[in-house]
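A.B. asks: For reference, each letter of the sequence shown is one residue, going 769 to 858 in my numbering. Backbone N, C-alpha and C fix where the C-beta goes; we use that ideal spot for every residue, glycine too.
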Amino acid sequence: MPLKSLPNKAPELTAFEGGYLVSPNGGWRSVRPVINMNLCVHCGQCYLYCPDGTISPELCLDYNFCKGCGICAKMCKRGAITMQKEADYA
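1) Since I839 is in the alpha helix (DSSP H), which residue starts that stretch and which ends it?
2) Shortest alpha-carbon distance to C811 belongs to which of P825, G795, D856 and G838?
3) In the DSSP output, which residue or residues are listed as bridge partners for T850?
4) Quick one: using the 10 Å Cβ neighbour count with 16 as the cut-off for buried, is P801 buried or exposed?
5) Just to confirm my understanding: we take C814, look at its own chain, exclude 5 residues before and 5 after, and list those with CB closer than 7 angstroms. What are they?
6) Rounded to the nearest angstrom, what separates V809 and S791 at their Cα positions?
7) Per DSSP, L829 forms a beta bridge with which residues?
This is the structure we're talking about:
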């Protein structure tokens with residue numbers, strides 16, 4: 769059975785830019801993403817795939833809202849993002 773075509777545009781009521789979380793949720797995070805700028809090629813994949821919009825286009829991380837899911841690290845083809853223990857930064 770063929771897949772149905774997806775609409776070109778998401779419905780306006782569900783399409784939001786990242787960075788719209790209103791309550792900090794980083795307090796329960798056990799690991800955090802750390803970007804190695806020597807490996808980063810600024811492809812923007814981490815920015816595009818971050819589900820909480822905590823990575824800016826300039827690659828600044830908002831740790832108040834980052835939940836430590838690791839999607840950014842998984843999407844980084846260069847391995848520039850690693851997930852490190854939160855306790856190392858306390």
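C.D. replies: Reading it off the structure:
1) I839 to M843
2) P825
3) V802
4) buried
5) I823, C840, M843, C844 and I849
6) 31 angstroms
7) I823
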